[in-house]
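Q: Positions in the sequence shown are counted from 1; adding 18 to them yields my numbering. In this text, a Cβ means the ideal position worked out from N, Cα and C, and glycines have one as well.
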Amino acid sequence: MNVKKRILFVDDEPAILAGLQNLLYKDRKRWDMVFALGGQLALDEIRKAPFDIVVSDMRMPGIDGAMLLNVVKDECPATVRIMLSGHADREAIVRALPAMHQLLSKPCDANTLRGAIERSLDGVNVERDAKIRRIVGGVDKLPTPPDIYFDLSRLMESPASSVADVAKVVIRDPGLSAKLLQLVNSAYFGTGQVTTSIQQAVALLGTDRLRYIALTASVFSSRDPDECGFSLSELQRGSMRAAWLARSFAEPALRDEAFASTLLHDVGHVVLAIANSAESRVFAQRWLSGEPPLELEEELFGVTHADVGARLLAIWGLPSTIVDVVQFHHDPGSAPEACRRLASIVHVADTAVQHMPAMTQLNMQSLERAGCAHLVPGWLAIAERAA
């Protein structure tokens, strides 16, 4: 028997809570929904029993949405945190960004709210996903290498900096890119269209908003987790090289998605390092000695970097294509049919950057199942020319 997923809705206005109840009336048989009037009553509910999702209004007297979601993050890190806010709340929203996974604008229609909840609940029935949720739940941002952090800071402080200047820095770092794609694809900051181009994300947000978000809210961390056994800077540079290579493999219509998916494909390594520093040092030592990385991750963490990377990007609300490609970049033949070609591109680009010649390291059986094995010689020829 499946246990109903528990969802807590929080607002300080009784009429809005009643409206949410009416909006989601038909979902009462599949979800256990609790409606709390204000932040304090919400905290009381959270401390009685855990919730899978908390959906909170931003502006509330006393304990507002930012304060509430920060408490949820600390006390219940596996809980998905969704904020509802009006467009006048920019400063408060930026303060809340580190505590929220998704941001929806008020008023929010039923399909948008229901879709955000459904995507967040996807996969939570399995025991393995419980481990992934515990690891991912407390991650609000991914660390940025110091050189990128300071380069971005200088650009943000210069009135002469342009969107193109900022984009050149942003695409050097997977964590930064993931956060911007999260924001631009949210119902609050977005345009109603799926955005996978990092350059377009920078242009849509604009340099003024980026400056406000990055520097006021400290969304981006300058910590480098070298103490976890690997260099974040080296990982970032490898992802960048693979992203440009993947873009060169892809036909024009897929180039933005290929670039973004490849840039983000290894964010799970960073998440595992943040959440499990001691195990990460052991992992790095054994990986460098030649042990297979995926098997090592299963042994040490019970999950893989592909699992946690995909989960993080999913609860941040990134496009499903990117999420699926990150999940299956080691096994493109198991990806949903619509993104097998992209997953294959990422797999070959990633492998080519790490191993040259790459053919013996590729998962050719999976590439056969993906229907892309015949493309591999051409892709590897491009990689050899670029080396």
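1. Touch check for the segment 278 to 295 and the segment 379 to 393: three-plus C-beta pairs under 8 Å?
2. Would you report the Cα separation of Ile64 and Asn203, rounded to the nearest angstrom?
3. Grab the span of the beta strand (DSSP E) containing Val285 for me, first residue to last.
4. Between Gly48 and the rest of its own chain, which residues show a CB-CB distance below 7 Å, the 5 nearest in sequence each way excluded?
5. Express the C-alpha separation of Val321 and Glu315 in angstroms, rounding to a whole number.
6. With Ala268 as the anchor, note down where its beta strand (DSSP E) starts and where it stops.
7. Taking the Cβ atom as the reference point for each residue, do Gln200 and Gly335 lie within a distance shorter than 8 Å?
8. Specify the secondary structure class of Phe346 as computed by DSSP and reduced to three states.
9. Return helix, strand or coil for Leu211, following the three-state DSSP convention.
10. Put Ile100 into one of helix, strand or coil per three-state DSSP.
11. Within 10 Å of its beta-carbon, does Arg403 have 16 or more other beta-carbons around it, so buried, or fewer, so exposed?
12. Report yes if the C-beta distance between Ala114 and Gly83 is below 8 Å; otherwise report no.
13. Mind checking who Ile25 pairs with in its DSSP beta bridge?
14. Is Val187 near Ile166, with beta carbons less than 8 Å apart?
15. Rounded to whole angstroms, what's the CA-CA distance from Phe346 to Leu102? Just pull it up for me.
16. Rounded to whole angstroms, what is the Cα-Cα separation between Val371 and Ile400?
17. Going by beta-carbon coordinates alone, are Leu306 and His348 separated by less than 8 Å?
18. Taking the C-alpha atoms as reference points, what is the distance between Lys197 and Ala278?
19. Looking only at DSSP bridge pairs, what is Gln412 linked to?
A: With the given structure in hand:
1. no
2. 28 Å
3. Looking at the DSSP string, Val285 is not in any beta strand (DSSP E); the run it does join, the alpha helix (DSSP H), is Val285 to Ala293.
4. The sequence given here has Arg at residue 48, not Gly. Lys22.
5. 6 Å
6. Element bounds for Ala268: n/a, residue is neither H nor E.
7. yes
8. coil
9. Residue identity check: residue 211 is Gln in the sequence provided, not Leu. Looking at Gln211 - three-state DSSP - the assignment turns out to be coil, as it is neither helix nor strand.
10. strand
11. exposed
12. yes
13. Met51 and Ile71
14. yes
15. 32 Å
16. 12 Å
17. no
18. 12 Å
19. The structure shown does not extend to residue 412, since the chain is modelled only from 19 to 405, so the question has no answer here.
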